[in-house]
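First up is the structure itself, then whatever we jot down about it.
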Amino acid sequence: MSFVSNATGAFYERSLSQMSGLRSSLETLQTQISTGTRIERGSDDPAAASRLRTLSRTERLAEVQADNADKLARDLTEAGDEVLGVANLLSRARELAIRAANDPVGEAGRAAIAEELAQLELELFDRANATTLTGEPLFAGTASGPAFVRAGDGSVSYNGNSEISSVTVAPGTELERGVTGLQIFEFNVNGTPTNAFAVLSGLAAALQPGVADPAAAARAALDGLDAAIDTTTRSQTVLGTRLAWVEVIQESQQDRALDVAEQQSNLGDTDIGEAIARLQQTLTALEASQSSFTRVANLTLFNAL
Amino acid sequence: MTGSLFQIARSGAAAARASIELTAQNIANASNPDYARRSLLTREFVGVSVSQGSVLNGVLIDGISRNNTAIVQQQARSSASELARADAELSGLRDTELALEQSRVFEGLVEFEAVLTQLEGNPLEPALRTNTLETARQLANTLNFADTTLGQARAQVQDAAGITVDEINAQAAELARINRSLVNARDGTAGQAALLDARDATLRALSDEIGVDVSFDASGAASVRVAEAGGVTGALLVDGVNPSTFAATTQANGTLAFTVGGSGVAPVRGAIAGQASALEAQAGYQNELDAITSDLIARANAAQSTGADADGAPGQPFFTGTSAATINLALTSGRQIATAPAGSPAGSTNTGNLASLIASIGADDGPVATTDTLLLGLSSRISAADTTRTGLAAIAGNAEATLLTETGVDLDTEAANLIRLQQAFDANARVLQVASDIFDTLLGLR
Numbered sequence: 107m108s109f110v111s112n113a114t115g116a117f118y119e120r121s122l123s124q125m126s127g128l129r130s131s132l133e134t135l136q137t138q139i140s141t142g143t144r145i146e147r148g149s150d151d152p153a154a155a156s157r158l159r160t161l162s163r164t165e166r167l168a169e170v171q172a173d174n175a176d177k178l179a180r181d182l183t184e185a186g187d188e189v190l191g192v193a194n195l196l197s198r199a200r201e202l203a204i205r206a207a208n209d210p211v212g213e214a215g216r217a218a219i220a221e222e223l224a225q226l227e228l229e230l231f232d233r234a235n236a237t238t239l240t241g242e243p244l245f246a247g248t249a250s251g252p253a254f255v256r257a258g259d260g261s262v263s264y265n266g267n268s269e270i271s272s273v274t275v276a277p278g279t280e281l282e283r284g285v286t287g288l289q290i291f292e293f294n295v296n297g298t299p300t301n302a303f304a305v306l307s308g309l310a311a312a313l314q315p316g317v318a319d320p321a322a323a324a325r326a327a328l329d330g331l332d333a334a335i336d337t338t339t340r341s342q343t344v345l346g347t348r349l350a351w352v353e354v355i356q357e358s359q360q361d362r363a364l365d366v367a368e369q370q371s372n373l374g375d376t377d378i379g380e381a382i383a384r385l386q387q388t389l390t391a392l393e394a395s396q397s398s399f400t401r402v403a404n405l406t407l408f409n410a411l
Numbered sequence: 009m010t011g012s013l014f015q016i017a018r019s020g021a022a023a024a025r026a027s028i029e030l031t032a033q034n035i036a037n038a039s040n041p042d043y044a045r046r047s048l049l050t051r052e053f054v055g056v057s058v059s060q061g062s063v064l065n066g067v068l069i070d071g072i073s074r075n076n077t078a079i080v081q082q083q084a085r086s087s088a089s090e091l092a093r094a095d096a097e098l099s100g101l102r103d104t105e106l107a108l109e110q111s112r113v114f115e116g117l118v119e120f121e122a123v124l125t126q127l128e129g130n131p132l133e134p135a136l137r138t139n140t141l142e143t144a145r146q147l148a149n150t151l152n153f154a155d156t157t158l159g160q161a162r163a164q165v166q167d168a169a170g171i172t173v174d175e176i177n178a179q180a181a182e183l184a185r186i187n188r189s190l191v192n193a194r195d196g197t198a199g200q201a202a203l204l205d206a207r208d209a210t211l212r213a214l215s216d217e218i219g220v221d222v223s224f225d226a227s228g229a230a231s232v233r234v235a236e237a238g239g240v241t242g243a244l245l246v247d248g249v250n251p252s253t254f255a256a257t258t259q260a261n262g263t264l265a266f267t268v269g270g271s272g273v274a275p276v277r278g279a280i281a282g283q284a285s286a287l288e289a290q291a292g293y294q295n296e297l298d299a300i301t302s303d304l305i306a307r308a309n310a311a312q313s314t315g316a317d318a319d320g321a322p323g324q325p326f327f328t329g330t331s332a333a334t335i336n337l338a339l340t341s342g343r344q345i346a347t348a349p350a351g352s353p354a355g356s357t358n359t360g361n362l363a364s365l366i367a368s369i370g371a372d373d374g375p376v377a378t379t380d381t382l383l384l385g386l387s388s389r390i391s392a393a394d395t396t397r398t399g400l401a402a403i404a405g406n407a408e409a410t411l412l413t414e415t416g417v418d419l420d421t422e423a424a425n426l427i428r429l430q431q432a433f434d435a436n437a438r439v440l441q442v443a444s445d446i447f448d449t450l451l452g453l454r
């Protein structure tokens, strides 16, 4: 005695599961709209969630790399300013040397020139030992102490090292921090290694009263000064080029940050328009099934008895 | 002859009344999901007389038939059992996902990488060094926390499995008790039908907890075996009137092993199977988390060992420990972070060693990448399990609806029956009236 019937229980069961399905998708849409994010947990969309993780890492590292680039730009600007000062100073020394070599300045005039050259040498020493805003020497390589030290006899020697470390300023891009004191102040004159300090103090000493043929000494010092100016100008160019590069990188970082933000939004944000349209559609379906449910549920033969 | 007419009408009225009672019973149980609709079995009653051949004696009530189809019941049981497995597994996996995503291991690693990169910009800045050290401490705490939350997720599943085991034993004992009553029940009685309802309800409840293969004997008593992989039927959980004890033992890695009456079984369906497979998965993710942690420790310590710290001293290990539970920060001061290559003097701004640590952490096979792989694997698995679950839910819903259609009460049918049976009763009463009239007529003859 088996026949198929339209069991009342089955009808209620079916209606209930259909309506609760609609209700649960309504709730999902509601959450997406109110939180603004499409992905609540990784399993909502595993691939997009992984992509979002990668993007958030890129974003965080880019923030830090932008900080690094700013710091590097500041350091390079400072180094550039100092090297520009050095170049001006050396030009002034060259003018003085030419005047000492040519003009009939007399002993008193040469003494004044020698005095000015000695001052210039002191200023040069200060500039060579310039530090960054955070207190590290600008031109000592990776060493910690002052870049140049003065010995008891007044001679100046390099105290730093020839290492230049790099800093990450963009994904996969490392830039060297600057130039060492060796690259700015040390050079060869006629095959003999010397430095700008020695050239200046040597000339100042040769122009002191009582030294024989100061004009010839001044002419001889011009070679050293020319070499010093050449070296400084080269360093200036290196610093300038590097700064320009940092600026290019900073610009591209900004572009990339925008790109990352846009991708994040595309992957993870709710498309409000679409979500609201779907919400409306689901609402309509739920309302319709509710009202049809009550009507059908009221249809029973018992009403006719 | 008139006596026979009375007898026929009386039996007809009684059968109609009994049917009306059954219909009322059906209507009363319309919303009882365990109730299978009943109908009355009747047959013609023909007596035999020696002199006149056969004698018509009306209708005989043969018994109560319970609308039932074993196959539909079995389909509903097994699909509900599959769904229960998927539900239990998904719930365990979701807890795991919550533990690993909410503890923010990935974000912790990225932050560590970020502060190291920041330190590269200004390696001797004390504030940055301290910040790096504290971020590393935070990362160690995050990994400890991930381990704890994963442990909690595991404990939750284990607790649920404990309850499931109790439930299985309770249902098995209940089924054995029903079996004993069924053996003694008389065929076709209301009592037997009620026992069969109870048997099917118990089997369904049992199937939700553990997948079973069921066989019935002539009296309707059910014997139950645990269903295993590949259609293998395992040990007897309920053998007629004798239940066996189902037990779970927790292994060292948190997974469960099961026995029935002392012999091992591996259930493939039901909540217990889902809980077992969630625990297996959690043990796997625990291993992966520990592997990521020990990889991080190894990479950070290896980098420290090839560098010199801010005071020019050889770098000391960054972290101690071997797993997510035991990782701890070993360095005590920011100055101990070995940013410079080995042999560098104190105060070196060389960041060569730091750069190799950053590269090692962010490498394609480094902890950041493997954590992403772990999370991606977990969420993909959940997403797939969710899809499977949706499919199983549809199948189970269909099977349930089919079962209800076969066994459930249709109020319209019952209402129609009510009208029909009322008419039948009236008609039989009318026959009684006619018999009475005939009798009166016969008595009135003079």
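Order-wise, the sequence lines are chains H and L. Yeah, the first sequence ends on 411 if you go by the numbering used here, and it's all consecutive. Yeah, the second sequence ends on 454 if you go by the numbering used here, and it's all consecutive. A virtual CB, placed ideally from N, CA and C, is assigned to each residue, including glycine.
Per DSSP, reduced to three states, the secondary structure at Y264/H is strand. Within 10 angstroms of the beta-carbon of D319/H lie fewer than 16 other beta-carbons, which makes it exposed.
Per DSSP, D221/L is not a residue of any alpha helix (DSSP H); the beta strand (DSSP E) it occupies stretches across V220 to F224. In this structure, DSSP gives I345/L a state outside helix and strand, which the three-state scheme calls coil. Burial state of P131/L is buried, judged by a 10 Å Cβ sphere holding 16 or more other Cβ atoms. For S189/L, the secondary structure class from DSSP, reduced to helix, strand or coil, is helix. With respect to the 8 Å criterion, L245/L and T263/L are not classified as neighbours on the basis of their beta carbons. Chain L has no Cβ within less than 8 Å of the Cβ of Q289/H.
Boundaries of the alpha helix (DSSP H) harbouring E169/H: P152 to N208, taken from the DSSP string.
Residues of the same chain with a CB within less than 7 Å of the CB of R144/H, apart from the 5 flanking positions on each side, are Q138, G374, D375 and T376 in chain order.
Between A26/L and L48/L the beta-carbon gap is near 6 Å, inside 8 Å, which marks them as a contact. If only uninterrupted alpha helix (DSSP H) runs of at least 4 residues are considered, those enclosed by the stretch 364-448 of chain L are 375-415. Take the alpha-carbon of P152/H and the one of N187/L: they are about 49 Å apart. In the DSSP annotation of this structure, the continuous segment of the alpha helix (DSSP H) that includes D336/H starts and ends at P320 to G374.
L161/H does not reach chain L, its nearest Cβ partner there being about 11 Å away, counting only Cβ pairs nearer than 7 Å.
Here DSSP, grouped into helix, strand and coil, assigns R51/L to strand. A23/L and V67/L do touch by the CB rule: their CB atoms are close to 5 Å apart, below 8 Å. In the displayed model, N294/H falls within a strand according to three-state DSSP.
A check of alpha carbon separations from S215/L across S86/L, F447/L, G405/L and L440/L identifies S86/L as the nearest. Inter-residue distance for V191/L and V249/L is about 9 Å (C-alpha atoms, whole angstroms). When CB distances to chain H are screened at a threshold of 7 Å, the residues of the stretch 29-51 of chain L falling below it are A38, S39, P41 and S47, in chain order. If you draw a straight line from the Cα of A17/L to the Cα of V439/L, it comes to about 6 Å. In this structure the stretch 152-169 of chain H touches the stretch 103-121 of chain L; the number of beta carbon pairs closer than 8 Å is three or more. Assigned with DSSP and collapsed to three states, S356/L falls in coil, not helix or strand. For T137/H, the enclosing alpha helix (DSSP H) has its first and last residue at T114 to T141. For V211/H, the three-state secondary structure derived from DSSP is coil. Using a Cβ-Cβ cut-off of 8 Å, P315/H does not count as an interface residue toward chain L, since no Cβ of chain L sits closer than that to its own. Taking CB atoms only, T330/L has no neighbour in chain H less than 8 Å away. In this structure, Q171/H places its C-beta atom within 8 Å of the C-beta atom of T274/H. Considering only R157/H, A155/H and A199/H, the residue with the shortest C-alpha distance to L331/H is A199/H. Around F408/H, the beta-carbon contacts reaching into chain L at under 8 Å are L419 and A423.
The C-beta of S271/L has fewer than 16 other C-beta atoms within 10 Å across all chains shown, which makes the residue exposed. For Q171/H, the nearest CB of chain L lies under 8 Å from its own CB, placing it at the interface with that chain.
Taking a Cβ-Cβ threshold of 7 Å, the residues of chain H close to E408/L are E119, in chain order.
The beta-bridge partner set that DSSP reports for P322/L consists of A316/L. At least 8 Å separates the CB of T314/L from every CB of chain H.
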